[in-house]
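Okay, so here's the structure we're looking at.
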Amino acid sequence: MKSSIRPARLRAVGLLGCMMVTLSGCSGAGSSASDSDPSRPGAVINVPMQKLNDSKELRLPLDEYLLSAEDLRTVLRARGVILTDCMKKLGVQYDDAAGVNPVNLTNNERRYGLADAAEAEHSGYRKQGMEHPPPKDLSPEELQLLNGTGDASRSAQVPKGGCVGEVQRRMPEQAAQGYFGKAQDLSVRSYVQSQKDPAVLAVNKKWSSCMKEAGYEYPDPISAINDPAFKTPEPGKVEMGVALADVRCKREENVIGVWSTVESAYQKALISESADDLKEAKRYKGEIIKIAEAVLSGKQ
């Protein structure tokens with residue numbers, strides 16, 4: 518008897534957890550002694566600050582070695598096709614719901630906090646249109662087919678490692694994991710370094726003064742977007758007011774432009790220190806995207 522299911526807690530197996538960096542990964546990141554190396558700010562001295570009002574199309578140097586949000590959607594859809602086809606062969610109607618949608622439309626959309634006035638006015642700091650219905654739990658038997666465990670591991674019909682193993686064989690996830698992880702670590706590191714840079718501290722101080730004039734007290738943009746008072750089910754008038762003032766003050770003080778210019782300088786320095794690993798990350802990125810596109814086109 519065939520059953521119809523949706524994936525349960527299989528959202529980002531292995532490699533996908535380190536394919537891209539999100540704001541949440543940066544805003545709570547820790548730092549090491551090297552993050553405060555006094556020689557590093559020299560990379561930013563005399564660098565002209567670009568003028569930016571928005572960060573949706575912002576590209577940072579390390580983006581070349583990380584999957585973009587669109588790349589990730591492609592890879593997740595391809596994984597879903599492989600999983601669905603594999604489970605179907607085992608008599609299970611598996612609904613992957615086209616994989617997982619990244620929280621942001623682009624990698625750097627909210628790297629330095631909210632920068633979209635329309636979003637602020639409509640929903641405060643909330644991301645709209647990205648919610649998904651909770652997945653249904655798989656039965657123990659279905660989980661065995663998915664992961665190739667239990668009785669399924671002894672069946673000649675079930676691929677080694679189950680359908681997840683089939684995905685891993687067709688897409689070079691395990692081999693690439695360390696290299697993508699390195700690129701992600703560097704991206705988090707550059708963010709932490711940039712937070713401490715004098716130019717960023719100065720522009721955030723100006724932003725804070727602008728916010729105070731609007732009636733809100735926050736030391737920096739990240740503290741505003743992460744305000745615990747905004748963890749309510751729906752955004753209220755106060756949240757939307759703060760978000761609108763936040764975006765306006767960012768534009769008036771050129772927060773996005775200054776911060777991204779500074780972080781770009783740190784990233785370029787980090788890239789030069791890890792050239793070999795990043796070269797491999799870039800190679801695997803191209804290979805994985807090529808395979809994913811072939812799966813989606815039915816050519817693989």
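Residue 553 in the numbering used here sits at position 36 of the sequence shown, with consecutive numbering throughout.
All residues carry an ideal CB built from backbone N, CA and C; glycine is no exception.
Give me the DSSP bridge partner(s) of residue i.
i	result
glycine 630	Arg628
Using only CA atoms, which one of the options lies nearest to residue i?
i	options	result
alanine 811	Ala595, Gly758, Ala719	Ala595
glutamate 636	Gln817, Gln685, Ala760, Thr601	Ala760
serine 740	Ser725, Glu730, Glu751	Ser725
leucine 600	Glu638, Ser789, Val684	Val684
alanine 798	Glu581, Pro738, Gly753	Glu581
glycine 803	Asn771, Ala693, Ala782	Ala693
arginine 590	Lys713, Ile805, Gly682, Tyr801	Ile805
asparagine 563	Ala809, Arg627, Ala782, Ile808	Ala782
serine 791	Gln645, Pro578, Ser670	Pro578
tyrosine 696	Arg800, Ala762, Val705, Pro752	Arg800
asparagine 570	Ala634, Gln610, Asp602	Ala634
histidine 639	Val755, Gly665, Arg576	Val755
glycine 815	Ser572, Val598, Ala586, Leu593	Val598
aspartate 737	Asp602, Cys766, Pro565	Cys766
leucine 813	Glu658, Lys677, Leu655, Asp588	Asp588
serine 572	Glu626, Asp612, Tyr611	Glu626
glutamate 762	Thr749, Gln691, Gly732, Ser656	Strictly speaking, residue 762 in this sequence is alanine, with glutamate absent from that position. Closest by alpha carbon: Gly732.
glycine 630	Trp776, Lys807, Ser789, Lys785	Trp776
glutamine 610	Leu655, Gly665, Thr666, Val705	Leu655
proline 750	Gln645, Arg687, Leu575	Gln645
glutamate 769	Ala632, Pro565, Thr666, Asp612	Ala632
aspartate 602	Ala669, Gly679, Val709	Gly679
glutamate 730	Val709, Gly758, Ser789	Gly758
methionine 566	Pro689, Lys785, Asp793, Ala716	Ala716
valine 705	Asp714, Gln784, Asp612, Ile808	Gln784
arginine 628	Asp714, Ser707, Val681	Ser707
Starting from residue i and walking both ways along the alpha helix (DSSP H), at which residues does that stretch end?
i	result
valine 717	715-730
aspartate 763	754-770
proline 738	738-742
threonine 666	Looking at the DSSP string, threonine 666 is not in any alpha helix (DSSP H), and its letter there is neither H nor E.
leucine 655	Segment: none, leucine 655 is in no alpha helix (DSSP H) and carries neither H nor E.
arginine 594	586-606
aspartate 793	792-813
glutamate 683	679-687
Assuming the contact rule is C-beta atoms closer than 8 Å, residue i and residue j should be a hit. Round their C-beta distance to whole Å, please.
i	j	result
tyrosine 642	isoleucine 773	With 8 Å as the limit, tyrosine 642 and isoleucine 773 do not qualify as a contact, their Cβ atoms being about 16 Å apart.
leucine 703	leucine 787	5 Å
serine 711	valine 764	Contact doesn't hold; Cβ gap of about 20 Å is too wide.
lysine 568	asparagine 771	6 Å
leucine 662	leucine 584	28 Å between Cβ atoms; not a contact.
threonine 623	alanine 673	Contact doesn't hold; Cβ gap of about 45 Å is too wide.
glycine 665	proline 676	7 Å
alanine 700	leucine 795	6 Å
Residue i: beta carbon under 7 Å from a heavy atom of the ligand HEM?
i	result
aspartate 580	For the ligand HEM, the structure offers nothing, since it holds no ligand at all.
Cβ of residue i less than 8 Å from any chain C Cβ?
i	result
glutamine 784	Note that chain C does not occur in the displayed structure, where there is just one protein chain.
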